[in-house]
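A.B. asks:
Residue numbers (this note's numbering): 286 to 428.
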């Protein structure tokens with residue numbers, strides 16, 4: 286159901302991870318899983334430490350865009366950072382959705398650092414039976 290458009294995108298993501306925190310003009314990658322579950326397509330994004338109000342989900346035609354920002358935790362003046370491995374900044378992911386998905390009815394849930402989008406399969410893409418009239422008889426063909 287997902288269509289990849291750029292074969293070098295994974296290399297770009299790796300380079301972004303190595304070059305430091307993301308900015309709005311150059312966001313970092315966010316890991317995701319995508320799978321079909323019944324009549325829905327499910328996409329789950331890992332966003333640990335990101336508050337729900339810092340997540341933005343947009344869909345335009347068949348392009349789904351997810352952006353999130355992990356902000357630094359407010360610290361007092363007497364705190365001295367010893368180790369900082371958790372990335373801060375902006376994270377983004379764009380996915381081209383197939384025309385067989387119903388982008389008008391996407392549901393989004395955010396729980397324990399995972400953003401889950403459920404995208405229903407469009408009715409026109411589901412298998413259906415078409416009846417055929419031949420002469421005086423009536424036959425059905427499943428498709």
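Glycine is no exception: its CB is placed at the ideal position from the N, C-alpha and C atoms.
(1) In this structure, how does DSSP classify residue 350 when only helix, strand and coil are distinguished?
(2) Is it true that the stretch 396–406 meets the stretch 318–338, where meeting means three or more beta-carbon pairs spaced less than 8 angstroms apart?
(3) How many Å lie between residue 346 and residue 325 at the Cα?
(4) Is the stretch 356–369 close to the stretch 411–421, with three or more CB pairs under 8 angstroms?
(5) Using only alpha-carbon positions, find the residue among 362, 381, 335, 373 that is nearest to residue 349.
(6) Could you name the residues that DSSP lists as bridge partners for residue 379?
(7) List the whole-angstrom C-beta distance separating residue 383 from residue 342, where the pair is believed to meet the contact cut-off of C-beta under 8 angstroms.
(8) When the Cα of residue 374 is compared with those of 388, 358, 387, 385, which residue comes out closest?
(9) Return helix, strand or coil for residue 403, following the three-state DSSP convention.
(10) Pull up the DSSP beta-bridge partners for residue 328, would you.
(11) Taking a contact to mean a Cβ-Cβ separation below 8 angstroms, would you say residue 376 touches residue 407 in this structure?
C.D. replies: Let me spell this out:
(1) Here residue 350 is taken as the residue at index 65 of the chain shown, counted from 1. Looking at residue 350 - three-state DSSP - the assignment turns out to be strand.
(2) Result yes; three or more Cβ-Cβ pairs closer than 8 angstroms.
(3) If you number the chain shown from 1, residue 346 lands on position 61. If you number the chain shown from 1, residue 325 lands on position 40. Near 18 angstroms, if we compare the C-alpha coordinates of residue 325 and residue 346.
(4) These segments do not touch.
(5) Residue mapping note: residue 349 aligns to position 64 of the chain shown, counting from 1. Restricting attention to 362, 381, 335, 373, the CA atom closest to the CA of residue 349 is found in 381.
(6) Within the chain shown, the letter at position 94 stands for residue 379. Paired residue(s): 350.
(7) Mapped onto the chain shown, residue 383 falls at position 98. Mapped onto the chain shown, residue 342 falls at position 57. Not confirmed; about 18 angstroms, so no contact.
(8) Residue mapping note: residue 374 aligns to position 89 of the chain shown, counting from 1. Closest in C-alpha terms to residue 374, from the list 388, 358, 387, 385, comes 358.
(9) Working through the chain shown from its first residue, we reach residue 403 at position 118. Strand.
(10) As a first step, residue 328 is located in the chain shown; it is residue number 43 there, counting from the start. Residue pairing from DSSP places residue 328 in a beta bridge opposite 319, 402.
(11) As a position in the chain shown, residue 376 is number 91, starting the count at 1. As a position in the chain shown, residue 407 is number 122, starting the count at 1. No.
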